[in-house]
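Residue numbers (the numbering used here): 2 to 555. Each residue gets a CB set at the ideal place from its N, CA and C atoms; glycine is no exception. Some notes on the structure that comes next.
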Ligand code: G6Q
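Below, the structure written as structure tokens:
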């Protein structure tokens, strides 16, 4: 494996960054009338403008050369060919196969997986239709109008984000709830809102061993049985989405109520699989299929467009440029669409769990920065919260601004106002305000010279804050699918450049293991526990303090 930061291509980009140090993006716009068309791409119903990054045609060429030396095209081909590119878990990575509606077949170890995908989709469709038509009812004969999806991480964030995003497509009278946290309050709060006779519980877990999900599923089962249902009624109210048929059966869910997916579907890439059942039930299977088709359109673009015109590739390269050569350690995801309010959380997992790695695929420590911290909130809320730091803080933060030109809810002039903020922010981040401009502005506004001198530094903005704009006509199942796929491929491309395995997540293991050791040391309410041993003083001190409080409570 090559040491990417030891290559001449990396060195060239370092020099580019130095050369561009005194050059503002504002001046790049002034000298190049074609900048907007040069650094924008349209594909799969999305339009990406990345011209507000400090990128020149030369830099773009050098970034593409870096992609070349990292063999990005080879890596893409290997992923799509079903090679076990998740090297630490020896698994293929084939979520694009879940949404490929062409006649193409995908293979893993010589097995045609596309046939299984189509069969499972057909099973999901039939199930969704039965729920919607009322052919499948609850144990007292009432229609199943509420769904509680019990899952966490990849088995929660995708379906939750997409269901929220597609709110205008919700089938009237249906409700979807998502319980993820092992904090019992999450389940209790949800159970208080549903009726056992009309609720379908979906236990969504790839492994069917996850502590949070299994605990929540058991609680839901107990609640269901304590509300007038018998063991035999479970079959009508519980289904499983999993790869682990054995554990599903042991839980008490019959094989015909299990929807399958496979180990080549990563948890955070699984909303396209059976894990999307809650989406299909809430918006209808046709809309779920449209979501998949939108993602497929982006896959086709990613697969075939030349790298310079390839949206996920150029978005990824702009990110590498900002991260590794301009020093942006954080990246904000800022959807100007309230229905995308869970997108930042979803992408936080997708990106940080994929590329938050410090060794390359062959185990060598990386000598450069990898995945940035991802955070965000919908605009305009974030503007009144953390944008201050992006505009004037000491760290460089890059950002993606995402907006539909037409809202799902056009009311009065709300959307014009939202869009004007969306545009104003990227313009302000790029342009900034020089001290001279700040002074002139205050002079115009009639400030005294002493006030101008005092306030000028505070009212100066450095500018050159990199911002991508992602536009779509409207947020629909198709454009949402394309948007998510865009990010999936962007993350993949960056992982290839950094040489990391974007498809494992060993970082979540250590805490899980320690929690298992600590669990028996936590006192039940009203019970004593021996003094905790075998921990550092902080952890032991905290355990003892918690136990003192819990032993006193009833
Ligand atoms: C995602 C991760 C992780 C996973 C959850 C839930 O890529 O692997 O977030 O989705 O830990 O796992 P289960 O689906 O197995 O319960």
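- Bridge partners of residue 261 according to DSSP: 243.
- The three-state secondary structure of residue 120, taken from DSSP, is helix.
- Of the residues 253, 246 and 247, the one whose Cα lies closest to the Cα of residue 238 is 253.
- Take the alpha-carbon of residue 245 and the one of residue 93: they are about 18 Å apart.
- Sequence-distant Cβ neighbours of residue 475 in its own chain, meaning closer than 6 Å and more than five residues away, are 405 and 407.
- Taken atom to atom, the span from the alpha-carbon of residue 460 to that of residue 415 is near 29 Å.
- No heavy atom of the ligand G6Q is found nearer than 8 Å to the CB of residue 260.
- Placement of the Cβ of residue 210 at a distance of less than 8 Å from at least one heavy atom of the ligand G6Q is found.
- Within the same chain, Cβ atoms closer than 7 Å to the Cβ of residue 139 are found at 145, 198, 199, 237 and 238, the five residues on either side in sequence being excluded.
- In the structure shown, the three-state DSSP call for residue 22 is coil.
- When DSSP reads this structure, residue 400 sits in a beta bridge with 333 and 468.
- Cβ neighbours of residue 90 within its own chain (closer than 6 Å, five residues either side excluded): 505.
- Residue 230 and residue 309 have their C-alpha atoms some 60 Å from each other.
- Of the candidates 13, 53 and 284, 53 places its Cα closest to the Cα of residue 29.
- Counting along the chain, residue 284 sits inside no beta strand (DSSP E); it lies in the alpha helix (DSSP H) bounded by residues 278-284.
- Bridge partners of residue 147 according to DSSP: 176 and 200.
- About 7 Å separates the beta carbon of residue 419 from that of residue 381, a gap short enough to meet the 8 Å contact definition.
- Out of 546, 127, 514 and 487, the CA that lies nearest to the CA of residue 524 is found in 546.
- At a threshold of 8 Å, residue 154 counts as near the ligand G6Q, since its beta carbon sits closer than that to one of the ligand's heavy atoms.
- For residue 113, the number of other beta carbons within 10 angstroms of its own is below 16, and it is reported as exposed.
- Taking a 10 Å sphere around the C-beta of residue 182, we find fewer than 16 other C-beta atoms and assign the residue as exposed.
- A check of alpha carbon separations from residue 334 across 373, 365 and 136 identifies 373 as the nearest.
- Judged by beta-carbon spacing, residue 147 lies beyond the 9 Å limit of residue 98, meaning their Cβ atoms are not closer than that value.
- Restricting attention to 325, 45, 550 and 384, the CA atom closest to the CA of residue 422 is found in 384.
- The DSSP assignment places 41-44 and 47-50 as complete runs of the beta strand (DSSP E) inside the segment 36-106, in order along the chain (cut-off: 3 residues).
- Per DSSP, the beta bridge partners of residue 109 are 112.
- The ligand G6Q has no heavy atom closer than 8 Å to the beta-carbon of residue 427.
- When DSSP states are grouped into helix, strand and coil, residue 541 belongs to the helix group.
- Approximately 6 Å separates the beta-carbon atoms of residue 327 and residue 18; this is inside 8 Å, confirming the contact.
- Beta bridge pairing from DSSP links residue 376 with 333.
- Taking all protein chains in view, the Cβ of residue 279 is crowded by 16 or more other Cβ atoms within 10 Å, so the residue is classified as buried.
- The bridge partners DSSP lists for residue 405 are 473.
- Sorting 355, 346, 357 and 367 by C-alpha distance to the C-alpha of residue 378 places 346 at the top.
- Cβ-Cβ distances below 7 Å link residue 303 to 311, 313 and 490 in the same chain, with the five nearest sequence neighbours on each side left out; the list follows chain order.
- When 369, 427, 291 and 339 are compared, the shortest CA-CA separation from residue 359 is found for 369.
- Put simply, the backbone Cα of residue 119 is about 11 Å away from that of residue 275.
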